[in-house]
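Student:
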Amino acid sequence: MVSVKRAATYVEKGGVGKTTSAAHIAVAAHEQGETVLLVDLAGTQNDLATHFGLDLGEDAERIDAPISAVFGDDWEFLKDNVDDLLDRMTFDTDEGPDLIPADPGLGGADNNLANVPLEDRFDKLDDFVDDLVAPQYDLVIFDLPGKEDNIALNGLFAARDVVAPLKPGAFERDQLRKLDATLDEISDDLDVDLGLTLVIPTIINQSENLSEEFVAYVRGEFPEVVGHPVTKTADIGNNQDEGRTLYGVSDDELYSTGDRARESYTANTEQLLDSLTER
Ligand SMILES: Nc1ncnc2c1ncn2[C@@H]1O[C@H](COP(=O)(O)OP(=O)(O)O)[C@@H](O)[C@H]1O
Ligand SMILES: [Mg+2]
C-alpha cells in the first residue's frame, strides 16, 4: 500500500495566513526534495491559483474533473472510466508543486454532503488521496475553508495533521485555544486522532510589543508544535499580486523582512516534514 504525507492549513477564521502558508510550505517542501500536491478547498475564490499567477479562465475547459467531483455521486464512475484522472485535475504552478484549484462546485458539494449518511460523509477526500494522490506524490497539502463545513471536515479527516497560522491579537489567543478544543471534538466525532502539528505565529512585526507577547504566548501554550515566527513583510502581498511566492524571487528583489519571512517558512517546512508520518 503506497502512502503519502498529508497536512491541512486550518483555523476557523479568515485573513490569518492560511493560504499564504499553504503556498510557501508547498514550495519550500518542493525545494527540500518532495513532490508536492496542493489542493485548494478554501471556498471558490481560487486564492491559490491567483497566488501562483494561474489564469484559470483560459484553462477552464481543461477542468473536466474539478475537485468538487470527488465529493459527488459520479466520482466512482469518473475514477473507473477516465484515464490519467489526477493529471487532468492538476495544474503546474511553475514553482514546483502541482495545484488542484478550487472550483465553483465546492459550495454545492458541501450542501450535498449534508444528505450523505454520516458514515460515508467525511472520508471521500481520504479515499481520493489513498487511491490517486499517494501513488504520485510525497506530500499533499489542503488549504481548508475558515469554517467547519463538510469540506473542511473531509480535509481534516484526510490530513489528520493541522498547520495553524495565527497573527497577533487578543482574539487570536482565544482562537488558538478554541481550535485545539475543536480539533479534540472533531477527533471524537470522526473517531480519528486530529492534532495541531505546527502553529505558526505569522504577520509578526518585531518592533511591536503585541507581536512579541503573542509569540511568547504561543510558545508557552504550544511548546511542542510552535514554529518559527513569520515576519510581517510587504514582499508577501506584493509578490502574491505578481503571482508568485517569496521563493519565486531572487534575493536582491526582497526586503530584509521578506528574506526573513522566507527563511522562516523554510525552517517551518523542515519542522513540519520531520513531524509528519506517511499514511
Ligand atoms: N507575513 C506576512 N506579512 C504581511 N502580510 C501577510 C503575511 N502573510 C500573509 N499576509 C497577508 O495577509 C492576508 C491574509 O492572508 P491569507 O493567507 O490570504 O489568509 P487566509 O487564507 O487565512 O484568509 C493576505 O492579504 C496576505 O497577503
Ligand atoms: Mg485563504
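Position 85, counted from 1, in the sequence shown is what this note's numbering calls 1510; the numbers after and before it change by one each time, with no gaps. Backbone N, C-alpha and C define an ideal beta-carbon position, used for all residues, glycine too.
Cβ of residue 1568 within 7 angstroms of any heavy atom in ligand 2?
Tutor: Position 143 of the sequence shown, counted from the start, is the residue given in the question as residue 1568. It does: the Cβ of residue 1568 is within 7 angstroms (strictly closer) of some heavy atom of ligand 2.
Student: Which value, in whole angstroms, describes the spacing of the CA atoms of residue 1640 and residue 1498?
Tutor: Counted from its first residue, the sequence shown places residue 1640 at position 215. Counted from its first residue, the sequence shown places residue 1498 at position 73. Going by the C-alpha atoms only, they are around 45 angstroms apart.
Student: Note down, in chain order, each residue of its chain lying with its Cβ closer than 7 angstroms to the Cβ of residue 1534, except the 5 sequence neighbours on either side.
Tutor: By one-based count along the sequence shown, residue 1534 stands at place 109. 1493, 1496, 1497, 1576.
Student: Could you tell me whether the Cβ atoms of residue 1460 and residue 1563 are closer together than 8 angstroms?
Tutor: Counting from 1 along the sequence shown, the entry for residue 1460 is found at position 35. Counting from 1 along the sequence shown, the entry for residue 1563 is found at position 138. Yes, these two residues count as a Cβ contact at 8 angstroms.
Student: Can you list, in chain order, the residues of its chain whose CB lies under 7 angstroms from that of residue 1481, leaving out five sequence neighbours each side?
Tutor: Within the sequence shown, residue 1481 is the residue found at index 56, counting from 1. Closer than 7 angstroms at the Cβ level, and outside the excluded window around residue 1481, lie 1471, 1474, 1526.
Student: Do residue 1586 and residue 1431 have their beta-carbon atoms positioned less than 8 angstroms apart in this structure?
Tutor: By one-based count along the sequence shown, residue 1431 stands at place 6. By one-based count along the sequence shown, residue 1586 stands at place 161. Closer than 8 angstroms, so yes.
Student: From the DSSP output, in three-state form, read off residue 1585 for me.
Tutor: What you label residue 1585 is simply residue 160 of the sequence shown in a count that begins at 1. Looking at residue 1585 - three-state DSSP - the assignment turns out to be coil, as it is neither helix nor strand.
Student: Mind checking whether residue 1595 and residue 1554 have CB atoms under 8 angstroms apart?
Tutor: By 1-based counting over the sequence shown, the position of residue 1595 is 170. By 1-based counting over the sequence shown, the position of residue 1554 is 129. Contact: no.
Student: Would you check whether ligand 1 has a heavy atom nearer than 7 angstroms to the C-beta of residue 1665?
Tutor: Here residue 1665 corresponds to residue number 240 of the sequence shown, with the count starting at 1. At least one heavy atom of ligand 1 is nearer than 7 angstroms to the Cβ of residue 1665, so yes.
Student: Just list the residues that DSSP pairs residue 1432 with in beta bridges.
Tutor: Reading the sequence shown from its first residue, position 7 is the one you call residue 1432. Answer by DSSP bridge pairing, in chain order: 1566.
Student: How would you call residue 1608, buried or exposed, if buried means at least 16 neighbouring beta carbons within 10 angstroms?
Tutor: Taking the sequence shown and counting its residues from 1, the one referred to as residue 1608 is at position 183. By the neighbour-count rule (16 or more Cβ atoms within 10 Å), residue 1608 is buried.
Student: Distance check for residue 1516 and residue 1501, CA to CA, integer angstroms please.
Tutor: As a position in the sequence shown, residue 1501 is number 76, starting the count at 1. As a position in the sequence shown, residue 1516 is number 91, starting the count at 1. Their Cα atoms are separated by approximately 22 angstroms.
Student: Across the region 1618 to 1626 and the region 1640 to 1655, are there enough close Cβ pairs to call them in contact, namely three or more that are closer than 8 angstroms?
Tutor: The region 1618 to 1626, when compared against the region 1640 to 1655, does touch it at the 8 angstroms Cβ threshold.
Student: Ligand 1 and residue 1652: does the residue's C-beta get closer than 7 angstroms to at least one heavy atom of that ligand?
Tutor: Taking the sequence shown and counting its residues from 1, the one referred to as residue 1652 is at position 227. Answer for residue 1652: no, Cβ out of range of ligand 1.
Student: What I want to know is whether the C-beta of residue 1467 ends up closer than 7 angstroms to one or more non-hydrogen atoms of ligand 2.
Tutor: Residue mapping note: residue 1467 aligns to position 42 of the sequence shown, counting from 1. At least one heavy atom of ligand 2 is nearer than 7 angstroms to the Cβ of residue 1467, so yes.
Student: Looking at the unbroken beta strand (DSSP E) that takes in residue 1652, where does it start and where does it end?
Tutor: The residue labelled residue 1652 in the question sits at position 227 within the sequence shown. Note, residue 1652: premise wrong, no beta strand (DSSP E); not H, not E.
Student: Classify residue 1441 as helix, strand or coil using the three-state DSSP reduction.
Tutor: For the purposes of this step, residue 1441 is taken as residue 16 along the sequence shown, with counting starting at 1. Residue 1441 falls in the coil class under three-state DSSP.
Student: Can residue 1565 and residue 1446 be called in contact, C-beta distance under 8 angstroms?
Tutor: Translated into positions along the sequence shown, residue 1565 becomes position 140. Translated into positions along the sequence shown, residue 1446 becomes position 21. Result no, Cβ atoms of residue 1565 and residue 1446 do not sit closer than 8 angstroms.
Student: Measuring only the C-alpha atoms, how far is residue 1449 from residue 1570?
Tutor: The residue you call residue 1449 lines up with position 24 of the sequence shown. The residue you call residue 1570 lines up with position 145 of the sequence shown. The straight-line gap from Cα to Cα measures roughly 18 angstroms.
Student: Name the residue from 1532, 1574, 1511 whose alpha carbon lies nearest to the alpha carbon of residue 1438.
Tutor: Here residue 1438 refers to the residue found at position 13 of the sequence shown. Comparing Cα-Cα distances from residue 1438 to each of 1532, 1574, 1511, the minimum goes to 1574.
Student: Counting only the same chain and skipping the five closest in sequence on each side, list residues whose C-beta sits under 6 angstroms from that of residue 1451.
Tutor: Residue numbering aside, residue 1451 sits at position 26 when the sequence shown is read from its first letter. So the list reads 1461, 1463, 1522, 1566, once near-sequence residues are dropped.
Student: Take the Cβ of residue 1707 as the centre, count every other Cβ of all protein chains shown within 10 Å, and call the residue buried at 16 or more, exposed below.
Tutor: What the structure shows of the chain is the stretch from 1426 to 1704, and residue 1707 is not part of that stretch, so it cannot be assessed.
Student: Applying the 10 Å Cβ sphere with the 16-neighbour rule, what's the burial state of residue 1540?
Tutor: Sequence index remark: in the sequence shown, residue 1540 carries index 115 (1-based). By the 10 Å Cβ count, residue 1540 comes out exposed.
Student: I'd like the ranges of any alpha helix (DSSP H) spanning at least 4 consecutive residues and lying wholly in the region 1505 to 1585.
Tutor: For the region 1505 to 1585, whole alpha helix (DSSP H) runs of length 4 or above, ordered along the chain, are 1510 to 1514, 1531 to 1538, 1543 to 1546, 1549 to 1553, 1575 to 1584.
Student: Any heavy atom of ligand 1 within a distance shorter than 7 angstroms of the CB on residue 1572?
Tutor: As a first step, residue 1572 must be located in the sequence shown, where it is residue number 147. Answer for residue 1572: no, Cβ out of range of ligand 1.
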